[in-house]
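The UniProt record's numbering puts the first residue of the sequence shown at 1, with every later residue one more than the last.
Here the structure is laid out as structure tokens; the discussion comes afterwards.
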Amino acid sequence: MPPRIPVPQGLHSLTLCLRPATSAFTPSFQPLIQTANLSQREKKKRMKQDKYGWMQAEQRKAAHVAHHDTIQAQRNAEWGSPIHGITTPFVESFDSAGQAKFTTPPINADGVPLEDPRPLPTAPHLKNHLLTQEELDKAIEFAGRLAEPLTGAERGIDNPRNKNAEEWEAEDYAYRHAKAVVALQRITDLNNGSAKDRKHANIRRCIDVFGRHNTDHTLARPGPPTARGVEPQPKPERAGPDTGSSEVQIAILTAKIRALALVLEGPKGNKDIINRRNLRVLCHKRQRLLRYMERKERGSERWQNMIKTLGLSPATWKEQISF
């Protein structure tokens, strides 16, 4: 064992660097001058002494703030609302289930409209009770043939009394048939229906507009682009209308969200806590479907057509939705 050499305390922390220095240290013979940074208050005081320069600085600042406000307003408009997004004519037509041709502009206290009415897409072929205009016309025609009175040859008896009775029955039939037609038109008119009837009509409209049984034939490139060198595989024909695709479900949720949001925006909507929670649930369901469809269908005309028609802005599926 080597002998232990006593060392004074505190020297064990000394380290010796035996590496040569990279560059020689050259002392500076200039006097040390300490400069203090000017504070913002001092800078502002000195700038105000030059009135012309101060006015120019204020003008530049005002122009910068105005430009920043313009950009922020444009970003907010593109971002949209998490509930309504950016309202489009097709979404506005949900209020009347496609029966109104123009919007109802707001009015002031004097009853003067504040803006001009805008045209809306319509669906006049849709009727109440899940009927269409074609089905109603066929039913009226069939009922008219059944209730049509018999003629003289069909009666089998030819006398003047029967002729007078036949004319009276024909007039009575025409009157009753016209009355029945008006009654059926009023019964099947969606303008006379309830909110539930309009909801079912809007669901049928969403299926017709966004269903893949129609968009696969109307859109030029409905699906997302395939990988390079991969040929698209033909899909089997659908057996019926498409009701389960993501875009159809998103459109139906948008119609429900608008109807519920308009009720909550009414005079007593702030007290309806249960429906406000239901609105949040619907918005979150639509957000999940939109994120899924963005991941699967982004770049396809299906996605672009749905976003443009429904006015779905990034606020409806990006970031957190809270209101």
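Cβ coordinates follow ideal geometry from the N, Cα and C atoms, glycine included.
Residue j beta carbon less than 8 Å from that of residue i
i           : j       : result
Arg-302     : Pro-241 : no
residue 324 : Thr-254 : Residue 324 lies beyond the range of the chain shown here (1 to 323); nothing can be said about it.
Asn-305     : Leu-219 : yes
Trp-317     : Arg-291 : yes
Thr-88      : Gly-229 : no
Pro-149     : Ala-170 : yes
Ala-315     : Gly-80  : yes
Rounded distance between the beta-carbons of residue j and residue i, thought under 8 Å
i       : j       : result
Leu-289 : Gln-249 : 6 Å
Ser-93  : Pro-121 : 5 Å
Asp-216 : Asn-128 : Not confirmed; about 30 Å, so no contact.
Met-293 : Glu-247 : 7 Å
Rounded C-alpha distance that separates residue i from residue j
i       : j       : result
Leu-126 : Glu-115 : 29 Å
Gln-74  : Ser-313 : 13 Å
Leu-136 : Arg-295 : 43 Å
Leu-184 : Val-209 : 27 Å
Phe-323 : Leu-260 : 14 Å
Gln-49  : Lys-61  : 18 Å
Pro-119 : Thr-103 : 7 Å
Glu-265 : Leu-130 : 29 Å
Glu-167 : Ile-140 : 22 Å
Gly-144 : Lys-308 : 45 Å
Leu-146 : Gly-193 : 29 Å
Cys-283 : Arg-258 : 10 Å
Asp-95  : Gly-85  : 16 Å
Gln-233 : Ala-227 : 12 Å
Lys-199 : Thr-188 : 15 Å
His-64  : Gln-287 : 36 Å
Ala-174 : Lys-138 : 18 Å
Met-55  : Asn-278 : 55 Å
Lys-256 : Pro-267 : 20 Å
Ala-77  : His-67  : 15 Å
Asn-164 : Lys-101 : 47 Å
Lys-43  : Gln-59  : 18 Å
Val-182 : Ala-239 : 36 Å
Glu-231 : Ser-300 : 16 Å
Phe-142 : Lys-235 : 40 Å
Ser-39  : Lys-45  : 10 Å
Thr-70  : Ala-180 : 60 Å
Lys-51  : Ala-57  : 10 Å
Contacting residues, own chain, Cβ-Cβ under 6 Å from residue i (five flanking each side not counted)
i       : result
Arg-212 : Asp-242 and Ser-245
Leu-11  : Here the model assigns Leu-11 a pLDDT of 49, short of 50, so the residue's position is not dependable and the matter cannot be decided.
Ile-252 : Ile-203 and Cys-206
Pro-106 : Leu-114
Ala-201 : Ala-97, Leu-126 and Leu-190
Ile-83  : Ala-261
Leu-16  : The predicted model places Leu-16 with a pLDDT of 49, which falls under 50 and marks its position as unreliable, so this point remains unresolved.
Own chain partners of residue i with C-beta closer than 8 Å, once the 5 adjacent residues on each side are dropped
i       : result
Val-263 : Gly-269, Asp-272 and Asn-275
Pro-124 : Gly-98, Gln-99 and Gln-133
Arg-298 : Pro-224
Arg-186 : Asn-192
Ser-13  : Its pLDDT being 49, under 50, Ser-13 is placed unreliably by the model, and nothing is read from it.
Arg-176 : Ala-147
Cutoff 8 Å: residue i Cβ touching any chain C Cβ
i       : result
Glu-135 : Note that chain C does not occur in the displayed structure, where there is just one protein chain.
Same chain, Cβ closer than 7 Å to residue i, five either side skipped, listed in chain order
i       : result
Lys-285 : Leu-253
Gly-53  : Met-47
Thr-151 : Glu-166
Gln-72  : none
Ala-195 : Ala-259
Asn-214 : Asp-208
ask   = Along the chain, which unbroken stretches of the alpha helix (DSSP H) at least 4 residues long are found entirely within the region 206 to 272?
value = Scanning the region 206 to 272 from its first residue to its last, the whole alpha helix (DSSP H) runs of 4-plus residues come out as 212 to 218 and 246 to 264.
query = Which whole runs of the alpha helix (DSSP H) in the region 112 to 197 are 4 residues long or more, in chain order?
reply = Positions of the alpha helix (DSSP H) runs, each at least 4 residues long and wholly inside the region 112 to 197, are given as 133 to 147, 152 to 155 and 160 to 187 in order along the chain.
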